[in-house]
Every structure is written in C-alpha cells, then in structure tokens.
Amino acid sequence: MIHADDIKLIDKELKKFPDNQKQSAVISALRIVQTRHGWLSKEHISDIAHYLGMPEIAVMEVATFYNMFNLEPKGKYQITVCTNISCMLRNSDEIVQHLEKKLGISFGEVSKDKKFSLKEGECMGACGSAPLCLINNHTMHEYLTTEKIDQLLASLK
Amino acid sequence: MVKQIDIIKPSKIFPNQDLVCLRTMVHDDPGSIDTYLKIGGYEQLKQILKKKTKPEAILAELKTSGLRGRGGAGFPTAIKWSFMSRDYDGMKYLVCNSDEGEPGTFKDRDILRYNPHQLIEGMLIAAYVMGTRVGYNYIHGEIWREYELFEKALDEARDHGFLGENILGSDFSFDLFAVHGYGAYICGEETALIESIEGKKGQPRYKPPFPATYGIYGKPTNVNNTETFASVPWILEHGGQAFQDLGVENSGGVKLFSVSGHVEKPGNYEIKMGTPFSELLNMAGGIWHRRKLKAVIPGGPSTAVVPAALIENATMDYDGLQKIGSSLGAGSVIIMDDSTCMVSALKRLSYFFYEESCGQCTPCREGTGWVYRVIKRIVDGKGTREDLELLTDVSKKISGRTICALGDAAATPVLSFIKHFRPEFEYFIQHGHSMVNTK
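Read top to bottom, the protein sequences are chains A and B.
Using my numbering, read the first sequence as starting at 1 and increasing by one per residue.
Using my numbering, read the second sequence as starting at 158 and increasing by one per residue.
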C-alpha cells in the first residue's frame with residue numbers, strides 16, 4: 001500500500017504529463033516512496049507499478065538504473081560522499097576515512113545500530129564547494145572538513 | 158519546501174565578471190521574481206507578445222549573437238531552434254537540460270538558485286519561437302534544494318501570469334514543469350534525457366531521427382542547456398551584436414566557467430569568451446598553498462587534459478582551447494597542482510565512466526571496465542610494460558563505436574593523460590608507486 005500522503009504527492013507529479021503517459025512519473029513515485037521508507041522493497045515496486053499501470057519489471061528497470069535508489073534497507077541516515085575528481089583534489093579521501101573510522105563502516109555498509117550507512121557518490125554538480133556529501137539524498141553539506149563531519153554526525157539524532 | 162530566503166546573496170561575488178546569466182547576483186535575494194522584475198525581467202517576453210514579433214526576427218538576433226549550446230557541444234543555438242518546424246501543428250515539447258553531472262560542472266546550479274526567472278523567460282521566448290506549448294526542466298537529482306527552488310520559481314511565474322493559458326492576455330500559451338533525475342550521468346545526453354522523461358532507463362537513442370522530429374513521446378522536441386536558455390533574454394534586451402561583441406570570433410558572448418580543484422577560490426566565473434586562462438586563474442585566487450600548476454582539464458573530463466605549459470598562454474573560447482588540443486566543453490575547468498598524481502587522477506575518472514556507462518553498447522560497457530581495471534592494476538603496483546599500449550588500444554576501440562558520446566568521452570581522458578604524462582605512467586609501472594610525493 002502506498003501511503004495516502006504519498007499518493008497525493010504522486011498525483012501532483014502526474015499532472016505534469018499527458019493523461020496517457022503515467023509512466024513519466026515513475027522516477028518521482030519511486031523517490032517519494034523511498035523518502036518515506038528509506039528504501040524500496042519488492043512490494044513498493046509492485047505497488048508503484050500497479051498505481052502507474054506499468055509492468056513491475058519496467059519499474060524495477062528504472063529503480064536499478066538510477067543509483068540514488070536503494071533496493072535494500074539502509075541506515076536511518078545514509079551519507080553519500082562524492083569522491084569524483086574535483087572532490088578528490090580537495091581531499092574527499094580524508095573525509096571518507098574519517099567517516100569510516102567514526103562510524104566503523106565502509107562504503108556499502110550499514111552500522112550495527114542501523115543509524116548510518118555510507119555510500120560512494122558520483123558527481124553531484126556542486127564541485128565548487130567540494131568536498132561534499134548528501135544526507136538521505138536531499139540535504140547537501142558542502143566545504144566539508146573533519147571538524148564539520150564531527151558536528152554533522154552529532155546533529156543527526 | 159525551501160524558502161527563497163534561505164538562499165541569500167552568495168557569500169562572495171567575484172569582481173571583474175561580465176554578468177549575463179548571473180546578473181541578479183549583485184542584488185539581495187537574487188533568485189526572487191521581485192528582483193528579476195526590478196532589473197527589467199520578463200520585459201522581453203512582454204514586448205514580444207505585445208508587438209507580436211516574428212519568430213524569424215528573434216532567430217536572426219540569436220544568429221548575430223553567436224550563441225552556441227552551453228552544455229558542451231557548442232552547436233549554434235539559432236540553427237538548433239530552426240530545426241523545429243513551426244508548421245507542424247501537433248504537440249511539440251521544449252526541454253531544458255539542467256542535468257549537469259559532468260565532473261567539475263556546477264554552473265547551471267547557480268542559475269537555478271540565483272536567477273531562475275531568466276531561465277524561465279528564456280524558455281518562454283524559445284517556446285514562442287518554436288511553437289511549443291509544454292516544457293520540462295530536467296534537473297540533476299543530487300541538487301535537490303535547487304529543484305525545490307525552481308518549483309517555487311515556477312509557482313511565482315504562474316502567479317504573475319507568465320505561464321499557463323493565454324499568457325498576458327495574448328494567444329500564446331505555455332506551461333513549464335520541473336522534473337528530476339536520480340543519479341545517472343548519462344541522462345545529460347539529450348536522447349537519454351528524453352527516455353528518462355518518458356519514465357524509462359536513460360539509454361540514448363540512435364540518431365537520426367533527431368529530437369527535433371522524434372523526441373518525447375515521439376513528438377518534435379527541442380533540448381537546450383540551462384545557460385543557453387538563460388542567455389536569451391539578455392541577448393534580446395541588448396541585441397545580438399552586443400552579445401557577440403563581448404566575446405571573440407566564433408565564440409560570441411560571455412561564458413560561465415566552473416573552476417574547481419586546486420585553486421584558492423573555486424566557484425563560477427562569468428567572463429568574456431576569449432579571456433586568457435591566466436586571468437581566469439587569477440580571478441580564482443591562483444593555485445592554492447602557493448603550489449605550481451601542473452595540468453588543467455578545461456571543459457570537464459570528456460575534454461582532453463592539457464599540461465600547464467600548453468594552457469598558460471591559451472584563451473578560454475572554442476577556438477583557443479581547440480588550438481591546444483582540447484575543447485571548451487561545458488566550461489568546467491578542473492585545476493591540478495604539482496602534488497597531483499596523474500595516474501591516480503585517471504583511475505578515478507575511469508571509474509566514473511565505467512560506473513556511468515549505461516551498458517547499451519558493448520564497446521563502452523566492456524571497454525570502460527577494462528580500462529578501469531588496467532589503471533587500477535597500475536595503481537596497485539601490478540602494472541606491466543604492455544599496459545599503456547593496452548589502455549590506448551582499448552580506448553581507441555571504444556571511441557567512435559557507440560551510440561552516444563559517452564564512449565568517446567571515456568576514451569579522451571585515457572588518451573590525453575597518457576599522451577601528456579607518459580613518463581609518470583611509466584614510472585608508476587616500473588617502481589610500483591607514484592612519481593609524485595603526494596603532499
């Protein structure tokens with residue numbers, strides 16, 4: 001079951017497209033459902049497919065193609081760190097090492113208390129304020145230093 | 158929803174710029190509609206609708222301006238717009254490509270947060286010229302705050318009667334919507350972006366047919382970059398010639414350069430085409446930590462890297478960068494100082510192309526993986542003397558053998574890094590460690 005509030009949000013997205021092109025809203029629908037649950041289960045995929053009138057496999061194809069979708073449970077806070085060239089030149093490696101040490105996990109892992117997970121990100125289009133990270137895909141933190149990471153982790157309850 | 162007030166004046170406005178797309182930045186609350194209206198925003202649209210300006214006249218002005226596609230391809234905008242048939246009376250679409258994911262590119266983000274209304278006005282003018290009734294702005298999924306801000310800007314424009322049916326009482330109707338990606342570099346390629354808007358995997362289409370005849374849902378579609386659209390209202394206000402005169406021959410106007418990497422003041426600099434590289438580097442505060450310049454990728458990783466000696470006397474425009482064997486691309490200037498290990502840098506870029514290949518064409522899907530694994534083997538100290546020839550060979554076999562330009566883009570860094578920094582690669586292979594003492 002898609003949450004009633006999420007249905008409203010998906011319906012808002014559907015208005016952007018012609019009535020017979022519901023599939024166009026699939027990326028938004030996946031994003032909306034993932035934002036609520038933190039990840040997308042087979043059931044979520046199936047619900048979205050049903051709601052948009054798409055074959056499940058077509059929804060799955062999209063969910064696996066775009067790398068901001070999580071197809072398994074993640075920590076309450078997923079931290080995605082960009083390590084691409086502009087961030088790398090501004091010491092994103094140091095940020096990654098600091099996070100790994102503080103959280104006791106590496107890229108692709110979830111902490112034991114399920115509070116944090118770490119992910120390696122590709123270019124986020126904000127390289128002027130490198131190094132940077134995203135919390136749960138939607139909140140960007142820029143000009144990172146190890147001190148800022150400490151503050152950030154302390155603020156995530 | 159983010160409040161516009163959260164995005165206050167940028168913390169630093171760099172001097173000596175010629176602001177076109179970012180001209181609101183010198184004002185408080187630069188992204189609001191009030192600010193844009195105060196500087197004469199939406200005036201061009203009003204004039205066009207009032208005078209019922211002929212689309213041909215607008216195209217002529219654009220042609221004079223010398224504006225070329227700012228997303229990287231540099232195709233003349235007036236010509237691209239003229240591909241859309243005005244006689245076709247069925248549905249047609251207009252798309253803005255704000256999916257900037259080419260490493261080192263972050264200019265469109267500043268347009269979206271500091272001057273979204275100039276982009277909207279540019280798209281309205283484009284819609285008027287090409288006769289499109291619906292438009293989409295496809296925004297990079299990672300810049301979520303800018304996506305929300307743009308949605309807010311669209312609401313403001315609708316409230317002021319600039320979007321919707323019978324705009325400002327005319328017979329011109331156009332509506333514009335924000336849509337987003339969710340982590341796929343390839344969607345910056347215009348046909349992949351169209352597939353993505355249709356709710357599919359972002360895999361590029363064969364061309365022809367080109368989007369101008371077969372785009373979204375098979376309808377004629379015109380796709381342009383954010384900076385391209387945002388330049389249009391300024392061009393109509395000041396005239397095409399004024400824009401051309403800001404730049405140099407073949408490279409009209411100003412351009413946003415995103416400077417990142419080893420400089421004191423990374424950021425966007427909107428400057429005249431033809432500005433010497435040395436001047437841009439100075440504006441960005443020079444190389445950080447008083448180190449020396451080693452190499453520059455002038456237009457994003459799909460353009461060739463050039464060593465310091467080559468770029469120090471170059472000018473920042475299409476021809477100036479072509480002369481030194483690279484290109485302007487999207488104006489994504491990545492600066493590397495003398496502490497950079499070029500082998501490790503190439504390893505990261507190769508991983509990027511391997512990760513982002515959509516998997517559709519075999520040479521790219523398999524080749525990018527091979528290239529990454531061979532460079533990784535060198536960095537792991539297990540490289541062999543034959544590896545450099547192998548890398549060159551595989552890269553050349555990707556290039557020109559794929560549906561879209563990602564294949565060529567993946568080959569370019571490999572070939573140019575090895576061409577200009579071969580001794581560094583040979584040293585790494587021979588000694589099992591970098592020639593550079595990473596500071």
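Using N, Cα and C, we set each Cβ at its ideal position, and we do this for glycine too.
From residue i to residue j, what distance separates their C-alpha atoms?
i, j, result
"Asn323 (chain B)", "Asn425 (chain B)", "37 Å"
"Gly243 (chain B)", "Asn381 (chain B)", "A small correction: the amino acid at residue 243 (chain B) is Arg; Gly does not occupy that position in the sequence shown. Distance between the alpha carbons of Arg243 (chain B) and Asn381 (chain B) is about 18 Å."
"Tyr511 (chain B)", "Leu89 (chain A)", "20 Å"
"Ala566 (chain B)", "His577 (chain B)", "17 Å"
"Thr146 (chain A)", "Thr80 (chain A)", "15 Å"
"Arg447 (chain B)", "Gly321 (chain B)", "54 Å"
"Thr139 (chain A)", "Lys209 (chain B)", "44 Å"
"Phe107 (chain A)", "Lys554 (chain B)", "32 Å"
"Leu9 (chain A)", "Val33 (chain A)", "10 Å"
"Ile215 (chain B)", "Glu543 (chain B)", "56 Å"
"Ala296 (chain B)", "Met124 (chain A)", "The question names Ala, but residue 296 (chain B) in the sequence shown is Ile. Computed Cα separation, rounded: 11 Å."
"Gln161 (chain B)", "Ala335 (chain B)", "With a pLDDT of 40 at Gln161 (chain B), under the threshold of 50, the modelled position of that residue is not reliable, and no figure is offered here."
"Pro233 (chain B)", "Pro368 (chain B)", "16 Å"
"Leu547 (chain B)", "Ile586 (chain B)", "13 Å"
"Gln401 (chain B)", "Ser239 (chain B)", "19 Å"
Considering only the beta carbon of each residue, do residue i and residue j sit closer than 8 Å?
i, j, result
"Ser86 (chain A)", "Gly340 (chain B)", "no"
"Lys76 (chain A)", "Lys16 (chain A)", "no"
"Val528 (chain B)", "Val500 (chain B)", "no"
"Glu43 (chain A)", "Ala49 (chain A)", "no"
"Ile373 (chain B)", "Glu347 (chain B)", "no"
"Leu206 (chain B)", "Ser327 (chain B)", "yes"
"Ala452 (chain B)", "Glu421 (chain B)", "no"
"Glu436 (chain B)", "Cys178 (chain B)", "no"
"Leu311 (chain B)", "Leu333 (chain B)", "yes"
"Met241 (chain B)", "Met287 (chain B)", "yes"
"Asn84 (chain A)", "Arg505 (chain B)", "yes"
"Tyr475 (chain B)", "Glu122 (chain A)", "no"
"Lys249 (chain B)", "Lys429 (chain B)", "no"
"Asp494 (chain B)", "His419 (chain B)", "yes"
"Pro455 (chain B)", "Leu485 (chain B)", "yes"
"Ser353 (chain B)", "Gly128 (chain A)", "no"
"Ala284 (chain B)", "Phe319 (chain B)", "no"
"Val571 (chain B)", "Ser507 (chain B)", "yes"
"Gly397 (chain B)", "Glu218 (chain B)", "yes"
"Asn294 (chain B)", "Cys344 (chain B)", "no"
"Gly516 (chain B)", "Val551 (chain B)", "no"
Leaving out five residues before and five after residue i in sequence, what residues of the same chain have Cβ atoms less than 6 Å from its Cβ?
i, result
"Glu13 (chain A)", "Ala25, Ser28"
"Leu450 (chain B)", "Ile444, Ala465"
"Thr472 (chain B)", "Gly431, Pro433"
"Ile164 (chain B)", "Summary for Ile164 (chain B): the model assigns pLDDT 42, below 50, so the residue's position carries little reliability; its value from the coordinates is reported in the next sentence. Contacts found: Gly188, Arg270."
"Lys220 (chain B)", "Ala235"
"His98 (chain A)", "Thr146, Ile149"
"Val389 (chain B)", "Gly279, Ile282"
"Arg558 (chain B)", "Pro520"
"His462 (chain B)", "In the sequence under discussion, the amino acid at residue 462 (chain B) is Val, which differs from the His named in the question. For Val462 (chain B), where only same-chain residues beyond five positions count, the Cβ hits under 6 Å are Ala452, Ile454, Ser573, Phe574."
"Gly477 (chain B)", "Ala471"
"Leu202 (chain B)", "Glu278, Leu281"
Considering only residues of the same chain and omitting the five flanking positions on each side of residue i, which have a CB-CB separation below 7 Å?
i, result
"Met158 (chain B)", "Note that Met158 (chain B) has pLDDT 42, beneath the 50 cutoff, so the model's placement of it is unreliable and no number is given."
"Gly53 (chain A)", "Lys22"
"Thr192 (chain B)", "Thr181, His184, Asp186"
"Leu467 (chain B)", "Ile481"
"Leu153 (chain A)", "Lys102"
"Asn136 (chain A)", "Tyr77, Gln78"
"Ile45 (chain A)", "Glu56, Val59, Met60, Ala63"
"Leu132 (chain A)", "Cys82, Cys87, Met124, Ala126, Met140, His141, Glu142, Leu144"
Am I right that residue i and residue j are in contact with their C-beta atoms under 8 Å? What's the rounded C-beta distance?
i, j, result
"Ser483 (chain B)", "Thr460 (chain B)", "5 Å"
"Leu413 (chain B)", "Glu394 (chain B)", "Going by Cβ atoms, the distance from Leu413 (chain B) to Glu394 (chain B) rounds to 18 Å, so no, they are not a contact pair."
"Ile560 (chain B)", "Pro361 (chain B)", "5 Å"
"Gly223 (chain B)", "Lys237 (chain B)", "That pair is no contact at about 14 Å."
"Asn67 (chain A)", "Trp39 (chain A)", "That pair is no contact at about 13 Å."
"Ser415 (chain B)", "Ser489 (chain B)", "5 Å"
"Phe263 (chain B)", "Ala126 (chain A)", "5 Å"
"Glu299 (chain B)", "Leu30 (chain A)", "About 16 Å separates the two Cβ atoms, so there is no contact after all."
Taking 8 Å as the threshold (beta carbon to beta carbon), is residue i in contact with chain D?
i, result
"Ala349 (chain B)", "This model lacks chain D altogether, as its protein chains are A and B."
For residue i, which residues of its own chain have a beta-carbon under 8 Å away from its beta-carbon, when the five flanking residues on both sides are left out?
i, result
"Glu313 (chain B)", "Ser189, Ile190, His274"
Quiz prompt | Members of the segment 61–72 of chain A near chain B, C-beta cut-off 8 Å | solution = Residues of the segment 61–72 of chain A with a C-beta atom less than 8 Å from some C-beta of chain B are Glu61, Val62, Phe65, Tyr66, Asn67, Met68, Phe69, listed in chain order.
Practice problem: Taking only beta carbons into account, state which residues of the segment 411–433 of chain B come closer than 8 Å to chain A, listed in chain order. | Solution: Among the residues of the segment 411–433 of chain B, those with a Cβ less than 8 Å away from any Cβ of chain A are Ser415, Val416, Ser417, Gly418, His419, Pro423, Gly424, Asn425, in the order of the chain.
Quiz item: Going along the chain, which residues of the segment 116–130 of chain A sit with their C-beta nearer than 7 Å to a C-beta in chain B?
Solution: Going along the segment 116–130 of chain A in chain order, one finds Glu122, Cys123, Met124, Gly125, Ala126, Cys127, Gly128, Ala130 with a Cβ nearer than 7 Å to chain B.
Quiz item: Which residues, in chain order, does the segment 445–470 of chain B contribute to contact with chain A at a C-beta distance below 7 Å?
Solution: Taking 7 Å as the Cβ-Cβ cut-off against chain A, the residues of the segment 445–470 of chain B that qualify are Pro458.
Quiz prompt | Near-chain A residues of the segment 506–518 of chain B - C-beta to any C-beta below 7 Å | solution = So the list reads Leu506, Phe509, Glu512, Glu513, given in the order they occur along the chain.
Exercise. Identify each residue in the segment 355–379 of chain B for which the Cβ-Cβ distance to at least one residue of chain A is less than 9 Å, and report them in chain order.
Key: If you check each beta-carbon in the segment 355–379 of chain B against every beta-carbon of chain A, the ones closer than 9 Å belong to Glu355, Gly356, Lys357, Lys358, Gly359, Gln360, Ile373, Tyr374.
Practice problem: Would you list, in chain order, the members of the segment 290–303 of chain B that have their beta-carbon closer than 8 Å to a beta-carbon of chain A? | Solution: Residues of the segment 290–303 of chain B with a C-beta atom less than 8 Å from some C-beta of chain A are Tyr293, His297, Gly298, Glu299, Ile300, Trp301, Arg302, listed in chain order.
Quiz item: Relative to chain B, which residues along the segment 25–41 of chain A have a C-beta separation below 8 Å, given in chain order?
Solution: Cβ contacts with chain B: Ala25, Val26, Ile27, Ser28, Leu30, Arg31.
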